[in-house]
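Notes to accompany the following structure.
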Amino acid sequence: MYKILFLVLIGFGNIYAKDIYPVATVEASGIVSDFIEENGLLYVATDAGCIDIIDLTTQKVVRKITIAPLKTAMGEFVPARIHSIDRFEGKTLFTSSGESAYRNVWIDDGVNLKKIVDEKEHIMPKYAYFTSDGKILFGTFGSNIILYDDTEQYALYKHHISQSTIGGMTLSSDRKKMLIADESGTARLIDIKTAQVEHILNSEHVDNIYKVAYSHNIVLTAGQDRRIGVYTLNGSSYHLNSDFLVYCVGLSPSSDIGIYSSGLNHDLQLFDTKTGKKRDKLVGHYATPNKIYFLNESSLVSSGDENRIFFWILNK
140 MYKILFLVLI GFGNIYAKDI YPVATVEASG IVSDFIEENG LLYVATDAGC IDIIDLTTQK
200 VVRKITIAPL KTAMGEFVPA RIHSIDRFEG KTLFTSSGES AYRNVWIDDG VNLKKIVDEK
260 EHIMPKYAYF TSDGKILFGT FGSNIILYDD TEQYALYKHH ISQSTIGGMT LSSDRKKMLI
320 ADESGTARLI DIKTAQVEHI LNSEHVDNIY KVAYSHNIVL TAGQDRRIGV YTLNGSSYHL
380 NSDFLVYCVG LSPSSDIGIY SSGLNHDLQL FDTKTGKKRD KLVGHYATPN KIYFLNESSL
440 VSSGDENRIF FWILNK
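When you number the sequence shown by the working numbering, it's gap-free, plus one each residue, and the end is 455.
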């Protein structure tokens, strides 16, 4: 009886859900791979070997960080795709494609651009983040986590955490915990300093997890199995079903509102994390969404496999 009532309430709420369209879009230098916000600026990584720095107030590009193109085996020059990006204490950390199958890692401090890991070291980071004390954390395709001290150019630890390829990864807001998911459908919350696994979340997926979100003890997971996993770290969990592969998820700062990519039209679906009730839908992407980020409880930014950044204001 409870389940029937729960479904009726969700259906009733969906009647009043609305389509929300972007309040603005900004064209990027190339197809957007990743972005990060800090102090009113949006740092946008693209496949054009460029990071566009956008002022959120004016929605204009105010600066760019560029890296040299790559030389192919045929002697041609092509842009080096920038894959992941992070910001901390005035520094930009990012990974880029190398001429081999491996990747380069860079830090830009606003004055100097320095390569801290060369592709010749044969590291394949899918993600790179600054930790709370300024060290660097890598999550590799092979599901290794590496804590790297840039000042000493030395790996403080390297741990293999899964036999499956890494899917999504993010850090807690205080940069002391990492959340990592893989193609087995399992997510792990790990203490960065000790590399100890604190929570294993594996009850809601049967296939690869593409992306994760984490805020206020709530975890969202986006799955190839067309599911959105919703976990609380006290042990409870549930999942929502989508009609298409779910490529990305996001959480509001309070964790009350969740969002996920939905459907063949590349929409973004809002929902209440406590009840699972669907809310309004964000309409406007013309390619597969790859990242969603809440600036606050009522505004957010998203990107897809396209050369635009989308800005949204939610209805009250």
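Where a beta carbon is used, it is the ideal one built from N, C-alpha and C, also for glycine.
- Taking a cut-off of 8 Å for Cβ pairs, the region 372-383 and the region 420-428 do not touch, as fewer than three such pairs fall below it.
- Under the three-state reduction of DSSP output, Lys-420 falls in the strand class.
- Between Asn-243 and Glu-260, the CB-CB gap reaches or exceeds 7 Å.
- The three-state reading of DSSP puts Glu-260 in helix, counting H, G and I together.
- For Asp-272, there is no enclosing beta strand (DSSP E), since its DSSP letter is neither H nor E.
- Secondary structure of Ile-331 (DSSP, three-state): coil.
- Counting only runs of at least 4 residues, the region 379-452 fully encloses no alpha helix (DSSP H) element at all.
- Rounded to the nearest whole angstrom, the C-alpha separation of Gly-368 and Val-345 is 11 Å.
- Nearest to Leu-434 by C-alpha distance, out of Phe-449, Val-201, Ser-236, is Phe-449.
- For Met-213, DSSP assigns no beta-bridge partner whatsoever.
- Cβ neighbours of Ser-239 within its own chain (closer than 6 Å, five residues either side excluded): Glu-258.
- Only exposed fits Ala-207, as fewer than 16 other CB atoms lie within 10 angstroms of its CB.
- For Tyr-241, the three-state secondary structure derived from DSSP is coil.
- In the three-state reduction of the DSSP assignment, Phe-174 falls in the strand class.
- In this structure, Leu-318 lies away from Leu-359, with their beta-carbon atoms at least 7 Å apart.
- For the pair Ala-184 and Ile-221, the CB atoms are nearer than the 7 Å cut-off.
- Setting aside the 5 residues that flank it on each side, Lys-315 is surrounded in the same chain by Thr-270, Ser-271, Asp-330, Ile-331, Lys-332, each with a C-beta closer than 8 Å to its C-beta; the list follows chain order.
- Burial state of Asp-225 is buried, judged by a 10 Å Cβ sphere holding 16 or more other Cβ atoms.
- Taking Arg-202 as the centre and dropping the five residues before and after it, the same chain places the C-beta of Ile-192 closer than 6 Å to its C-beta, in chain order.
- The C-beta of Asp-186 has 16 or more other C-beta atoms within 10 Å across all chains shown, which makes the residue buried.
- By the CB criterion at 7 Å, Gly-169 and Asn-446 fall inside the cutoff.
- In the structure shown, Lys-254 falls within a strand segment according to DSSP collapsed to helix, strand and coil.
- Beta-bridge partners of Gly-362 (DSSP): Ile-348.
- A straight line joining the alpha-carbon of Ala-326 with that of Gly-214 spans about 42 Å.
- Look at the region 285-326 and you find these whole runs of beta strand (DSSP E), each 3 residues long or longer: 293-299, 305-310, 316-321.
- The Cβ atoms of Phe-383 and Leu-407 lie no closer than 7 Å to each other.
- Bridge partners of Lys-203 according to DSSP: Asp-191.
- One alpha carbon belongs to Lys-350, the other to Gly-249, and they sit about 29 Å apart.
- Per DSSP, His-222 is one residue of the beta strand (DSSP E) stretching across 221-227.
- Bounds of the beta strand (DSSP E) holding Glu-337 are 336-340.
- Bounds of the beta strand (DSSP E) holding Val-183 are 180-185.
- DSSP places Ala-267 in the strand class (E or B) of the three-state scheme.
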